[in-house]
Amino acid sequence: MQLKIYLPKPVMMVMALIFCLSSLRGTAQKLKLNKLGYFETPGVNVLVFSNQYNGIFQDEKTAGVELIHHGVRTITGGAVRLQNTPEQWDLVPTLVNRKVDSVNHQIDVTMRYADYDFDSRITVTPKGNGVELNLYLDKPVPEKLAGRAGFNLEIIPSAYFEKTFLIDGKPGEFPLYPAGLTKMLPSSQKIPQFAGHSTFDDRGRNEFIEPAPLATGKTLVMAPEDPERTIKIQSFDADLKLFDGRSLAQNGWFIVRSLLPAGKTGKVLTWYIEPNAVPGWKRAPVIEFSQVGYRPEQQKTAVIELDKNDTPLQTATLFEITPDGKYVERLKAAVQHWGQFTRYNYLKFDFSSVKKAGLYVIAYGDQKTNAFPINANVYENIGHPTMDVWFPVQMDHMMVNEAYRVWHGAPFLDDALQAPPNHQHFDTYQMGPTTDTKYKPLERIPGLNVGGWFDAGDFDIETPSHCSVVLNFVEAWENFKIDRDETYVDYPTRYVDIHRPDGKPDLLQQIEHGTLNLVAQVVNIGHPARGIIVPNLHQYHHLGDAVNETDNLPYNASLKPYQTDGKSSGTMDDRWAFTTRNIALDYQATAALAAASRALKGYNDTLSAKSLQSALKLWHEDDSLKMHMDSAARARNRFLAGNEMLAALQLYITTKDQQYADHFKKLIMPMLDRFPGFVMISALHAYPYMDKDYQDKIAAYMQKYKASCDEYDKQNPYGVPVTPGGWGGSGQVINYAITNYYANKYFPNIIGPEYVYKGLNYIFGCHPYSNLSFVSAVGVRSKKVTYGNNRADFRFIAGGVVPGILLLKPDFPENKEDWPFFWGENEVTIAGCAQYIVLSGAANQLGQHN
Ligand SMILES: [Ca+2]
Ligand SMILES: [Ca+2]
Ligand SMILES: [Ca+2]
2 MQLKIYLPKP VMMVMALIFC LSSLRGTAQK LKLNKLGYFE TPGVNVLVFS NQYNGIFQDE
62 KTAGVELIHH GVRTITGGAV RLQNTPEQWD LVPTLVNRKV DSVNHQIDVT MRYADYDFDS
122 RITVTPKGNG VELNLYLDKP VPEKLAGRAG FNLEIIPSAY FEKTFLIDGK PGEFPLYPAG
182 LTKMLPSSQK IPQFAGHSTF DDRGRNEFIE PAPLATGKTL VMAPEDPERT IKIQSFDADL
242 KLFDGRSLAQ NGWFIVRSLL PAGKTGKVLT WYIEPNAVPG WKRAPVIEFS QVGYRPEQQK
302 TAVIELDKND TPLQTATLFE ITPDGKYVER LKAAVQHWGQ FTRYNYLKFD FSSVKKAGLY
362 VIAYGDQKTN AFPINANVYE NIGHPTMDVW FPVQMDHMMV NEAYRVWHGA PFLDDALQAP
422 PNHQHFDTYQ MGPTTDTKYK PLERIPGLNV GGWFDAGDFD IETPSHCSVV LNFVEAWENF
482 KIDRDETYVD YPTRYVDIHR PDGKPDLLQQ IEHGTLNLVA QVVNIGHPAR GIIVPNLHQY
542 HHLGDAVNET DNLPYNASLK PYQTDGKSSG TMDDRWAFTT RNIALDYQAT AALAAASRAL
602 KGYNDTLSAK SLQSALKLWH EDDSLKMHMD SAARARNRFL AGNEMLAALQ LYITTKDQQY
662 ADHFKKLIMP MLDRFPGFVM ISALHAYPYM DKDYQDKIAA YMQKYKASCD EYDKQNPYGV
722 PVTPGGWGGS GQVINYAITN YYANKYFPNI IGPEYVYKGL NYIFGCHPYS NLSFVSAVGV
782 RSKKVTYGNN RADFRFIAGG VVPGILLLKP DFPENKEDWP FFWGENEVTI AGCAQYIVLS
842 GAANQLGQHN
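Mapped onto my numbering, the consecutive letters of the sequence shown carry residue numbers 2 to 851.
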């Protein structure tokens with residue numbers, strides 16, 4: 002931000018830069034240990050294991066020693082690691098102990114590799130204009146790790162693209178694309194990856210790749226040309242080596258590393274790390290608003306996010322942009338102080354009084370936002386990219402074409418083999434001690450290569466998500482009559498064409514596509530599978546056309562690996578069906594199948610009938626299976642009661658048989674008492690179908706529910722649930738807005754439409770960190786970098802909804818737009834997108850009711 006004032010003329014620019022580098026540099030303040038347990042000076046925060054490796058998907062690049070540099074998290078993963086460029090599934094240390102010593106201004110952590118009985122300790126303390134990091138060993142590096150274990154810092158490549166470095170004074174440049182040297186080593190030298198899996202397809206050659214360093218020396222200065230990114234690292238003992246992890250994995254980072262010496266104990270490594278701090282630096286304010294715009298009658302409040310050292314201005318201004326390009330002031334008003342949330346201070350600018358249709362910008366200080374509309378129809382198109390493009394691209398077992406582009410061929414025609422018992426899969430699927438099917442381990446289960454969607458950025462059939470998608474789509478079909486036709490689907494040729502009407506509503510076609518796979522599971526397996534997924538880790542991280550994740554030929558044990566007879570192959574790459582039976586999943590599938598049977602009636606009567614048959618079969622079997630469960634087993638199965646309730650409700654709506662309504666009421670009432678926020682949406686779904694007694698009971702809850710909604714206004718400036726965890730909270734906000742749509746529909750005097758608009762505004766840009774819409778290609782400015790299956794291209798698939806804001810401990814909200822590979826921030830999922838379709842329908846109906 003500060004540099005901008007030096008940039009009006011090219012000549013001044015050089016002068017100014019020299020001034021800037023020479024005068025601003027020497028005066029940086031020393032880092033201080035703050036109350037939140039990290040080292041801080043304006044522009045530089047050094048975190049030492051404020052965040053830990055949580056182990057769900059191994060290395061999530063949000064742990065260890067980290068740097069937030071002028072508002073951007075540029076370094077993570079500072080820890081003892083066992084590879085030059087560790088991949089996601091390489092071993093990570095566990096944190097044994099973390100001590101924050103506020104007297105001596107030191108953070109001290111002990112980490113452990115249990116597999117190698119290897120402990121190490123680092124201390125970090127401010128020194129000069131940076132920090133000193135010391136590494137201690139009580140016992141020497143274990144023999145197996147000698148020459149392997151080192152201290153690594155990981156640097157996000159996107160922050161150093163088009164920038165340079167000096168190593169011992171010698172110049173170099175950070176590569177935009179990996180093209181460094183690598184060498185092959187025998188597998189015997191490889192440190193095994195997590196649980197014996199391997200990310201590398203060595204084609205049977207028993208070898209692995211090791212990247213060579215880009216540069217080696219004792220002093221590394223990164224980006225000396227950019228004061229906001231300049232970092233100096235000095236090692237006083239071992240060499241510093243700079244690596245590029247992207248040669249092994251597209252989500253790899255730049256790594257700076259020193260090997261730990263063999264045979265030594267005590268202090269074995271000292272680094273001095275000096276991230277430059279631009280004196281007096283303050284993060285530029287972020288003006289947060291809905292990129293989709295606003296209806297004239299709705300409340301319109303921008304949230305302005307300020308650096309905690311920034312002094313708030315008194316006012317903000319709304320300009321209208323006229324047809325001849327003039328900015329005409331329509332409102333200048335005082336901003337209200339909301340207070341602090343995470344690390345920022347927040348102001349609010351209310352421009353609700355402006356109701357005239359037109360294009361507007363918000364100005365605060367010397368900043369103006371991009372233009373956005375106020376108009377009655379702003380929500381009209383918000384669901385179209387998701388239904389027209391995103392869902393077709395996710396369609397499994399089909400070729401998907403869009404104009405001149407083929408998104409993917411028809412994949413996974415070799416589905417699927419029976420997963421063996423007692424198997425833990427790396428995508429969290431699990432097989433118990435029995436298969437619960439008639440098939441032998443690795444025997445082919447027929448009939449599964451039909452329908453379904455790729456789960457998310459990966460390509461598995463995730464059955465619980467499928468059930469949730471089908472339920473959401475039926476809800477959108479029945480409540481919002483979304484009958485748009487922009488997709489062509491042809492099953493005989495397995496061909497999907499985007500932007501090509503075929504006379505059939507796309508929403509029904511998607512319901513059909515999901516139901517085809519669910520019914521195939523129940524018919525061929527006997528019950529729903531937890532999921533259908535590739536068995537090998539070296540397949541799972543697949544990027545590119547899904548048709549190549551397997552060879553698309555059924556496995557034939559009589560052939561050798563990589564050998565084929567044209568019809569089958571000897572490569573064990575077919576997906577596995579994880580079939581251990583789970584009654585909670587059965588109930589969820591029952592609900593989805595019962596709902597689908599209604600929507601498909603009159604469209605695909607055969608599938609509709611099979612769907613209801615499958616639902617009833619599961620319901621009756623589960624009734625008897627449940628008898629064998631003791632209360633402890635029931636309690637362990639935490640989704641059991643909730644899903645049983647969903648199944649009862651959907652069976653009732655479909656069959657009108659009173660026993661299901663009674664069952665539903667019996668289940669929901671105690672849950673409504675215990676988890677009102679979680680269950681309210683189901684309670685409201687049921688509302689129009691239930692008797693007066695039920696409706697009165699729900700009405701009695703609504704004041705309490707409203708009070709719980711109003712709490713959010715006290716928790717954060719957005720007035721919606723902003724949740725912590727390893728996955729951003731867009732889904733919770735969308736669920737909140739949909740719940741409030743129904744609450745507003747049935748109880749308009751208690752829950753006003755603003756409880757829905759707040760959720761819409763948040764998703765479309767009025768959220769922390771940036772003001773981008775979290776739905777790609779929806780709103781004037783939206784996410785252009787997401788974790789879809791095209792993430793290696795740093796692009797998006799239109800209509801994808803990202804999880805959004807990750808709240809990193811202790812106080813840093815983040816959603817990267819120059820780095821797609823944080824799934825917790827950027828991974829688009831079928832369940833999230835289907836829920837968003839319901840919200841898009843609700844937003845449009847909300848307009849009609851008001
Ligand atoms: Ca998955
Ligand atoms: Ca269609
Ligand atoms: Ca195959």
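All C-beta atoms in this analysis are idealised placements derived from N, C-alpha and C, irrespective of residue type, glycine included.
Which residues does DSSP pair with residue i in a beta bridge?
i    : result
F119 : Y114
S774 : S783
H398 : DSSP output for H398 lists no bridge partner at all.
N135 : T124, T271
E375 : At residue 375 the sequence reads Ile, which differs from the Glu that was named. DSSP lists Y295, G359 as partners of I375.
P187 : E208
D498 : N402, Y489
L96  : M112
T220 : Q235
F152 : V81, S259
H70  : V45, V73
Quick check on residue i: buried or exposed, where buried means 16 or more other Cβ atoms within 10 Å of its Cβ?
i    : result
E444 : exposed
G281 : exposed
A597 : buried
P493 : exposed
G789 : buried
D415 : buried
V839 : buried
E479 : exposed
K36  : exposed
I19  : A caution first: I19 carries a pLDDT of 43, below 50, which makes its placement in the model too unreliable to give a value.
P447 : exposed
S24  : Unreliable positioning characterises S24 in this predicted model, as indicated by a pLDDT of 40, which lies under 50. The coordinate reading is nonetheless provided below. It is exposed - the Cβ of S24 has fewer than 16 other Cβ atoms within 10 Å.
G79  : buried
Alpha carbon to alpha carbon, what distance is there between residue j and residue i?
i    : j    : result
S103 : L34  : 7 angstroms
T724 : R637 : 24 angstroms
F427 : T580 : 16 angstroms
Q846 : H467 : 26 angstroms
N105 : T231 : 27 angstroms
N736 : I682 : 8 angstroms
L182 : W728 : 35 angstroms
E422 : T464 : As written in the sequence, residue 422 is Pro, which differs from the Glu given in the question. Cα to Cα, the separation comes out at about 19 angstroms.
A744 : D711 : 14 angstroms
G205 : Q733 : 45 angstroms
L22  : Y178 : Residue placement at L22 cannot be trusted, given a pLDDT of 44 that sits under 50; what the coordinates show is reported in the next sentence. So the alpha carbons of these two residues sit roughly 29 angstroms apart.
A684 : L617 : 22 angstroms
F748 : M703 : 8 angstroms
A642 : H338 : 44 angstroms
K145 : L260 : 14 angstroms
L538 : E88  : 12 angstroms
Of the residues the options, which one's Cα is nearest the Cα of residue i?
i    : options                : result
R796 : S259, L807, N827, G780 : N827
T316 : D325, I305, I322, D120 : I305
Q651 : Y137, I699, Y690       : Y690
L186 : G205, I168, P506, E211 : E211
N46  : A844, Y328, K810       : K810
L626 : R331, N583, V803, I654 : N583
E855 : L221, K145, F195, L554 : Outside the shown range of the chain, which is 2 to 851, sits residue 855, and nothing can be said about it.
K233 : L685, T343, I156       : I156
G294 : V803, W820, K759       : K759
A662 : Y137, A648, D674       : A648
L544 : F460, Y588, I512, N741 : F460
N252 : D60, D116, A633        : D60
Does ligand 5 have a heavy atom nearer than 7 angstroms to the CB of residue i?
i    : result
T435 : As presented, the structure is devoid of ligand 5, carrying ligand 1, ligand 2 and ligand 3 as its sole ligands.
Check: Counting by C-beta, which residues lie closer than 7 angstroms to a heavy atom of ligand 3, in chain order?
Finding: D415, T551, D552, N553, L554, P555, Y556, S570, T572, D574, D575
Checklist line | Pocket of ligand 1 defined by Cβ to heavy atom distance under 6 angstroms | finding: D428, D456, A457, D459, D461, E463
Check: Residues near ligand 2, CB to any non-hydrogen atom under 5 angstroms, in chain order?
Finding: Chain-ordered list of matching residues: D486, T488, D503, K505, D507.
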